[in-house]
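Going by the numbering used here, the sequence shown opens with residue 294, and the numbers climb by one from there.
Data first, discussion second: the structure below is written as structure tokens.
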Amino acid sequence: METTRLSTKGQVILPRSLRRAKGWQPGTRFTVEDVGIGVLLR
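Quick look at the structure:
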């Protein structure tokens, strides 16, 4: 598990290793869901 932060612009920084493993590029779109105990990105 890695730690990340929320920027002053409200952006969450995803670790590079995770972005590479998932093949996510700048501009990739996600849905965001509040699941009570946290937030789920899909």
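Yeah, the Cβ is synthetic: ideal placement off N, Cα and C, and Gly gets one too.
Remember, it's a predicted structure, so these values are computed and weren't measured experimentally.
PHE323 is positioned such that its CB atom lies closer than 8 Å to that of ARG335.
Separation of THR296 and LEU333 (C-alpha to C-alpha, rounded to the nearest whole angstrom) is 16 Å. Note on geometry: alpha-carbon atoms of GLY316 and VAL328 lie some 25 Å from one another.
Inter-residue distance for LYS302 and ILE330 is about 23 Å (C-alpha atoms, whole angstroms).
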